[in-house]
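As given, the protein sequences belong to chains G and V, one line each in that order.
So for the first sequence, our numbering puts the first residue at 1; every next one is plus one.
So for the second sequence, our numbering puts the first residue at 316; every next one is plus one.
Heads up: the structure comes next, in structure tokens.
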Amino acid sequence: MVATLADEADLQAGFEATIARHDRLEPRDWMPEGYRRTLVRQIAQHAHSEIIGMQPEGAWIGRAPSLRRKAVLLAKVQDEAGHGLYLYSATETLGVSRDELTEMLIDGRQKYSSIFNYPTLSYADVGTIGWLVDGAAICNQVPLCRTSFGPYGRAMIRVCKEESFHQRQGFELLMTMMRGTEEQQAMVQESVDRFWWPALMMFGPPDADSPNTAQSMAWGIKTHTNDELRQKFVDMTVPQAARLGVTLPDPDLRWNPERGHHDFGQPDWEEFARVVKGHGPCNAQRVAHRRQAWEDGAWVREAATAYAARQEESA
Amino acid sequence: MTEPSTGPRAEWPLYEVFVRGNRGLNHVHVGSLHAADDRMALLHARDVYTRRNEGVSIWVVRSSAITASSPDEKSPLFDPSGDKVYRHPTFYDIPDDVPHI
Chain G
1 MVATLADEAD
11 LQAGFEATIA
21 RHDRLEPRDW
31 MPEGYRRTLV
41 RQIAQHAHSE
51 IIGMQPEGAW
61 IGRAPSLRRK
71 AVLLAKVQDE
81 AGHGLYLYSA
91 TETLGVSRDE
101 LTEMLIDGRQ
111 KYSSIFNYPT
121 LSYADVGTIG
131 WLVDGAAICN
141 QVPLCRTSFG
151 PYGRAMIRVC
161 KEESFHQRQG
171 FELLMTMMRG
181 TEEQQAMVQE
191 SVDRFWWPAL
201 MMFGPPDADS
211 PNTAQSMAWG
221 IKTHTNDELR
231 QKFVDMTVPQ
241 AARLGVTLPD
251 PDLRWNPERG
261 HHDFGQPDWE
271 EFARVVKGHG
281 PCNAQRVAHR
291 RQAWEDGAWV
301 REAATAYAAR
311 QEESA
Chain V
316 MTEPSTGPRA
326 EWPLYEVFVR
336 GNRGLNHVHV
346 GSLHAADDRM
356 ALLHARDVYT
366 RRNEGVSIWV
376 VRSSAITASS
386 PDEKSPLFDP
396 SGDKVYRHPT
406 FYDIPDDVPH
416 I
């Protein structure tokens with residue numbers, strides 16, 4: 001069916017009216033190609049982040065210091081897999097297949113959050129990831145619950161409900177270590193020093209260098225700019241750091257009573273660009289691991305398919 | 316499902332998942348997933364959508380088995396109920412002093 005130009009103008013007007021009403025778009029509604037493309041890129045990147053994000057923490061499951069910590073970490077990593085699946089499902093409603101998405105990830109054609117290209121060097125990193133990385137993710141994701149594309153918003157609602165467990169278990173882990181020996185306290189501080197700047201990078205480049213933000217906000221996909229969310233995260237985190245008894249590695253960080261917000265320094269945006277382009281400490285390892293899991297699992301997928309086909313025949 | 320492993324790999328079919336949160340409630344659509352067969356779809360649905368006791372019962376159904384109204388026919392399909400205000404209780408004027416109605 002080929003829409004005439006007049007039809008297309010009507011459809012565009014209908015789409016814009018839906019957005020203006022702050023109503024949601026659903027998969028079978030007409031939408032401009034740019035809107036669809038932006039959503040596919042953003043939701044897929046989000047899904048890939050959840051899946052790749054299993055690796056840095058998964059590395060510590062076998063070395064968790066107690067059965068309790070191991071059970072918690074397992075549950076958390078399993079949640080990340082679940083979050084990836086919710087988001088892949090949302091992406092598929094836009095007409096992309098799951099296999100295509102996986103292949104775009106392992107071929108490097110789609111990206112995931114730069115934060116997961118940093119290594120987890122000590123067990124304290126498990127706590128820091130929960131506190132800072134999941135804390136930053138929550139700041140990003142809570143507003144996305146009201147994004148204009150229905151399936152994405154619904155996936156975000158599920159994710160946010162579960163994310164608060166992630167952040168709290170991380171903070172509790174760090175609090176426990178801060179009550180421990182001097183060596184354990186030093187581990188926490190060292191971990192926070194390493195993750196603070198990469199966590200701030202999770203909100204993306206400064207607004208002045210984020211050309212897509214205006215369009216995404218006009219479409220109701222994003223509701224806050226990168227810098228707004230980063231500020232919110234800093235304001236939220238500073239008192240938590242004080243309570244924990246750690247310092248944040250930023251000499252410019254201080255309360256500004258006139259603004260009613262904290263002033264803070266800028267992350268190294270050149271480092272951010274390098275990591276996004278694939279030259280972070282763990283990019284190659286993360287993608288290679290995902291590729292291997294995908295390839296090693298091929299026989300399982302095929303066997304299950306063959307079994308289902310045989311069951312269907314004999315039924 | 317006839318060519319499991321030759322040619323372009325066949326993706327497992329898509330299922331829609333419905334969960335009954337508690338006894339007495341309807342099953343509600345919660346999302347979708349891929350599975351090779353019905354049994355696997357049910358197990359995956361448990362793992363993906365009920366990790367925190369979100370349900371007491373799960374339905375899975377192949378997405379291809381669902382018949383849906385099309386967004387294009389939104390008006391013609393739903394218009395017939397649009398002008399029948401007399402189907403709503405507020406259509407009827409009842410004096411304020413009539414009790415329990």
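Ideal Cβ placement from N, Cα and C applies to all residues, glycine included.
Residue i lies in the beta strand (DSSP E); which residues open and close that run?
{"i": "residue 371 (chain V)", "result": "That residue, residue 371 (chain V), is in no beta strand (DSSP E); it is neither H nor E in DSSP."}
{"i": "residue 331 (chain V)", "result": "329-335"}
{"i": "residue 337 (chain G)", "result": "This structure cannot speak to residue 337 (chain G), because chain G is shown only from 1 to 315."}
{"i": "residue 22 (chain G)", "result": "Where residue 22 (chain G) is concerned, there is no enclosing beta strand (DSSP E), given that its DSSP letter is neither H nor E."}
{"i": "residue 255 (chain G)", "result": "254-256"}
{"i": "residue 348 (chain V)", "result": "342-349"}
Thinking just about the alpha-carbon of each residue, which of the options is nearest to the one in residue i?
{"i": "residue 271 (chain G)", "options": "G:204, G:79, G:34 and G:249", "result": "G:204"}
{"i": "residue 343 (chain V)", "options": "V:359, V:365 and V:349", "result": "V:365"}
{"i": "residue 178 (chain G)", "options": "G:169, G:168 and G:189", "result": "G:189"}
{"i": "residue 55 (chain G)", "options": "G:212, G:32, G:89 and G:112", "result": "G:112"}
{"i": "residue 217 (chain G)", "options": "G:8, G:144 and G:175", "result": "G:144"}
{"i": "residue 308 (chain G)", "options": "V:406, V:332, V:395 and V:351", "result": "V:351"}
{"i": "residue 273 (chain G)", "options": "G:210, G:232, G:259 and G:255", "result": "G:210"}
{"i": "residue 51 (chain G)", "options": "G:22, G:116, G:99 and G:23", "result": "G:116"}
{"i": "residue 139 (chain G)", "options": "G:124, G:148, G:157 and G:315", "result": "G:157"}
{"i": "residue 208 (chain G)", "options": "G:290, G:129, G:226 and G:27", "result": "G:226"}
{"i": "residue 161 (chain G)", "options": "G:169, G:152 and G:142", "result": "G:142"}
{"i": "residue 214 (chain G)", "options": "G:9, G:35 and G:301", "result": "G:35"}
{"i": "residue 127 (chain G)", "options": "G:73, G:49 and G:62", "result": "G:73"}
{"i": "residue 212 (chain G)", "options": "G:67, G:231 and G:42", "result": "G:42"}
{"i": "residue 133 (chain G)", "options": "G:300, G:251, G:164 and G:259", "result": "G:164"}
{"i": "residue 244 (chain G)", "options": "G:294, G:200 and G:176", "result": "G:176"}
{"i": "residue 386 (chain V)", "options": "G:87, G:31 and G:85", "result": "G:31"}
{"i": "residue 194 (chain G)", "options": "G:20, G:38, G:125 and G:230", "result": "G:125"}
From which residue to which residue does the alpha helix (DSSP H) around residue i run?
{"i": "residue 301 (chain G)", "result": "298-314"}
{"i": "residue 416 (chain V)", "result": "Looking at the DSSP string, residue 416 (chain V) is not in any alpha helix (DSSP H), and its letter there is neither H nor E."}
{"i": "residue 361 (chain V)", "result": "353-364"}
{"i": "residue 274 (chain G)", "result": "269-274"}
List the whole-angstrom C-beta distance separating residue i from residue j, where the pair is believed to meet the contact cut-off of C-beta under 8 Å.
{"i": "residue 150 (chain G)", "j": "residue 25 (chain G)", "result": "6 Å"}
{"i": "residue 316 (chain G)", "j": "residue 326 (chain V)", "result": "Absent from the structure is residue 316 (chain G), since the part of chain G shown begins at 1 and ends at 315."}
{"i": "residue 60 (chain G)", "j": "residue 120 (chain G)", "result": "6 Å"}
{"i": "residue 246 (chain G)", "j": "residue 192 (chain G)", "result": "5 Å"}
{"i": "residue 136 (chain G)", "j": "residue 264 (chain G)", "result": "The pair is not a contact, with the Cβ atoms about 14 Å apart (cut-off 8 Å)."}
{"i": "residue 53 (chain G)", "j": "residue 92 (chain G)", "result": "Actually they are not in contact, since the Cβ atoms of residue 53 (chain G) and residue 92 (chain G) sit about 20 Å apart, beyond 8 Å."}
{"i": "residue 130 (chain G)", "j": "residue 171 (chain G)", "result": "7 Å"}
{"i": "residue 334 (chain V)", "j": "residue 369 (chain V)", "result": "6 Å"}
{"i": "residue 393 (chain V)", "j": "residue 400 (chain V)", "result": "So it is not a contact: roughly 15 Å between Cβ atoms."}
{"i": "residue 94 (chain G)", "j": "residue 27 (chain G)", "result": "7 Å"}
{"i": "residue 106 (chain G)", "j": "residue 290 (chain G)", "result": "6 Å"}
{"i": "residue 76 (chain G)", "j": "residue 57 (chain G)", "result": "7 Å"}
{"i": "residue 348 (chain V)", "j": "residue 200 (chain G)", "result": "Wrong, their Cβ atoms sit about 35 Å apart, outside the cutoff."}
* Asked: Which ranges does the alpha helix (DSSP H) cover as unbroken runs of at least 4 residues, wholly within the region 181-241 of chain G, from first to last along the chain?
  -> 182-201 and 213-218
* Against chain G: residues of the region 344-372 of chain V by CB proximity under 7 Å -> Against chain G - using a Cβ distance shorter than 7 Å - the residues of the region 344-372 of chain V are 346, 347, 348, 349, 351, 352, 355, 363 and 366.
* Asked: Which runs of the alpha helix (DSSP H) fall wholly inside the region 99-177 of chain G and span at least 4 residues, in chain order?
  -> 124-128 and 134-144
* **Under 7 Å (Cβ pairs) to chain V, residues found in the region 96-114 of chain G** => If the cut-off is 7 Å between Cβ atoms, the region 96-114 of chain G has 97, 98 and 99 near chain V.
* To do: Using a Cβ-Cβ cut-off of less than 7 Å, list which residues of the region 15-31 of chain G approach chain V; keep chain order.
  => 28 and 29
* Give the residues from the region 371-399 of chain V that approach chain G closer than 8 Å (Cβ to any Cβ), ordered along the chain. => 383, 385 and 386
* Can you give me, in chain order, the residues of the region 299-311 of chain G that have a beta carbon less than 8 Å from any beta carbon in chain V? => Along the region 299-311 of chain G, going in chain order, the ones with a CB nearer than 8 Å to a CB of chain V are 301, 302, 304, 305, 306, 307, 308, 309 and 311.
* To do: Scan the region 77-91 of chain G for residues whose Cβ lies nearer than 8 Å to a Cβ of chain V and list them as they occur along the chain.
  => Against chain V - using a Cβ distance shorter than 8 Å - the residues of the region 77-91 of chain G are 78, 79, 82, 85, 86 and 89.
* Asked: Whole alpha helix (DSSP H) runs in the region 18-86 of chain G with 4 or more residues, listed along the chain?
  -> 33-52 and 54-58
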